[in-house]
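First up is the structure itself, then whatever we jot down about it.
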Amino acid sequence: MAITVKRNIPEHPYCSNWQFPHGIIIGNGPSRHGLDLHSLKEKSAIYGCNALYRDFQPDFLFANDQNMMMEILQSGYHGRCVFFDTPPLPKEHAENIHFYHKDETTGEEKEIPLTEEFGNKEQAEEFIYIHRSKGKVYVWLSPDMGNFEFNYTPSQWGVSTGLGALQYALEKGGHKHITVYGFDSHTTGSWNNVYDGTPIYSTDSRRIECKEKDIPYVPIEGETWSDIFFRLKAAYPNVKVEMA
Numbered sequence: 604m605a606i607t608v609k610r611n612i613p614e615h616p617y618c619s620n621w622q623f624p625h626g627i628i629i630g631n632g633p634s635r636h637g638l639d640l641h642s643l644k645e646k647s648a649i650y651g652c653n654a655l656y657r658d659f660q661p662d663f664l665f666a667n668d669q670n671m672m673m674e675i676l677q678s679g680y681h682g683r684c685v686f687f688d689t690p691p692l693p694k695e696h697a698e699n700i701h702f703y704h705k706d707e708t709t710g711e712e713k714e715i716p717l718t719e720e721f722g723n724k725e726q727a728e729e730f731i732y733i734h735r736s737k738g739k740v741y742v743w744l745s746p747d748m749g750n751f752e753f754n755y756t757p758s759q760w761g762v763s764t765g766l767g768a769l770q771y772a773l774e775k776g777g778h779k780h781i782t783v784y785g786f787d788s789h790t791t792g793s794w795n796n797v798y799d800g801t802p803i804y805s806t807d808s809r810r811i812e813c814k815e816k817d818i819p820y821v822p823i824e825g826e827t828w829s830d831i832f833f834r835l836k837a838a839y840p841n842v843k844v845e846m847a
């Protein structure tokens, strides 16, 4: 069954579940500058990536980087969100997760503490564990966290968030036509991002490594992404997929 988009339409106040034959994937390459996203949303289901939520709420927001996941959780985001490769664990396992780090001053091994929690522990049966260098994070899968979908698994490890969003739309959207915007690495060979220099992006270890080596930034698995895109298209021949 195709997914439905829950959206309140003023002219149809009693109907909020919609199926759109057209899906749009919004990447964050600079070519998407100037897009009227609100206009596109009128007739299409919108699948957005990472920091897009700072400026616009898509129907589905995707993230696969733990730092970005944390930013989204900390923001109190209420839209529908899909996180990659985040397997839930039984609630009773929470007390058995122990990691240690070496204190830089004393050299002593210290347990990494639980520093943040999201959701309601009492109302949850499962939780998500996020490992952070300065503290572990638990996301209790209580009803108030129902706008988040955890542990979506793309077809191949290392895919971009945008390709994961495309796979999700192909698998679950029921669309006849999907248009992809802002996938600049596929269309122009540019790996620039509209959010370059902002939090998360400015501290990304791969970007820092490339800068230190004075080489153009390319994600570790980036060279494989074009092949994955065409394989996804071939796997769904009844869906027209095009890049804008």
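The numbering of the sequence shown is the numbering used here, which starts it at 604 and goes up by one.
Backbone N, C-alpha and C define an ideal beta-carbon position, used for all residues, glycine too.
Checklist entry - With contact counted as at least three CB pairs below 8 angstroms, one residue from each stretch, are the stretch 723-738 and the stretch 790-801 in contact? => result Under the 8 angstroms Cβ criterion, the stretch 723-738 does not count as touching the stretch 790-801, having fewer than three qualifying pairs.
Checklist entry - Is residue 656 near residue 772, with beta carbons less than 8 angstroms apart? => result No. Outside cutoff.
Item to check | Complete beta strand (DSSP E) runs within the stretch 705-734 (minimum length 3 residues, chain order) | outcome: The qualifying runs are 712-714, 717-721 and 729-733.
Item to check | Secondary structure, beta strand (DSSP E): runs of 3+ residues fully inside the stretch 764-833 | outcome: Look at the stretch 764-833 and you find these whole runs of beta strand (DSSP E), each 3 residues long or longer: 780-784.
Next on the checklist: In the DSSP output, what is residue 762 paired with across the bridge?
Outcome noted: Beta-bridge pairing by DSSP links residue 762 to no other residue.
Next on the checklist: With H, G and I counted as helix, E and B as strand and the rest as coil, what does DSSP make of residue 648?
Outcome noted: Here residue 648 sits in strand by DSSP.
Next on the checklist: In the DSSP output, what is residue 664 paired with across the bridge?
Outcome noted: DSSP links residue 664 through a beta bridge to 651 and 684.
Checklist entry - Name the DSSP beta bridge partners of residue 638, please? => result The beta-bridge partner set that DSSP reports for residue 638 is empty.
Item to check | Cutoff 6 angstroms; reference residue 682; Cβ partners in own chain excluding five residues on either side | outcome: Close CB contacts of residue 682 within its chain, under the 6 angstroms cut and outside five residues either way in sequence, are with 660 and 664 (chain order).
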